[in-house]
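Per this note's numbering, residue 35 is the first one in the sequence shown, and the count goes up by one each step.
Positions of the beta carbon are idealized from the N, C-alpha and C atoms, including for glycine.
Everything numeric in this text was worked out from a predicted model, so none of it was measured.
Remarks on the structure that follows.
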Amino acid sequence: MVKDPFFSQAVEEIRKVLSRYPAVAAADVFGSTVSGLRRKGGDVDVAVCMRGPVDPWLRIDMERELSVAVGADVDLVIFSQGSSLLQHEVLRTGVLIYEADADERIRQEVLARRRYLDEQRLPKMIRVTVEEDSG
């Protein structure tokens with residue numbers, strides 16, 4: 035776990051805010067805040083797994099509320115809406131800080147891992163197909 039006083043305090047504030055949103059299944063902090071490379075005044079990257087469809091205004095409200103609570107800009111991403119590379123980065127480096135629905139978090143993580151692996155294999159599959167067609 036990260037041993038930065040800012041990180042510990044930010045996590046507590048993020049948990050308080052997210053617990054008021056029933057649609058939030060889980061949340062990870064990732065990026066420079068976790069790696070210890072966050073500069074003073076830098077933002078805090080938070081990825082949330084949501085239950086069901088996401089209202090864009092809800093995301094904006096949460097991001098604003100989180101920024102006020104943490105005392106720094108929060109870059110809030112909806113995990114299921116992120117690119118496969120972003121999802122992979124969250125899964126690889128993120129720290130799970132909040133969980134209200136483990137089943138939903140795991141379901142979304144499994145889908146994200148499958149998508150990432152499929153996309154990693156795609157260029158090789160295309161290359162093999164092209165080589166077979168030209169040979």
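- Distance check between T67 and each of Y132, T127, G116 and W91 places T127 closest, using alpha-carbon atoms only.
- The Cβ atoms of D38 and G65 do not sit closer than 9 Å to each other.
- A44 and Y55 have their C-alpha atoms some 17 Å from each other.
- Annotation: A60 is outside any alpha helix (DSSP H); the continuous beta strand (DSSP E) that includes it extends over V58 to F64.
- Looking only at E153, L151 and I48, the smallest Cα-Cα distance to M96 is reached by I48.
- Counted as a single uninterrupted DSSP element, the alpha helix (DSSP H) harbouring V124 occupies residues S118 to T127.
- For the pair L92 and L151, the Cα-to-Cα distance works out to about 30 Å.
- Taking C-beta atoms as the reference points, A103 and V63 fail to come closer than 9 Å.
- Close CB contacts of S114 within its chain, under the 6 Å cut and outside five residues either way in sequence, are with Q142 (chain order).
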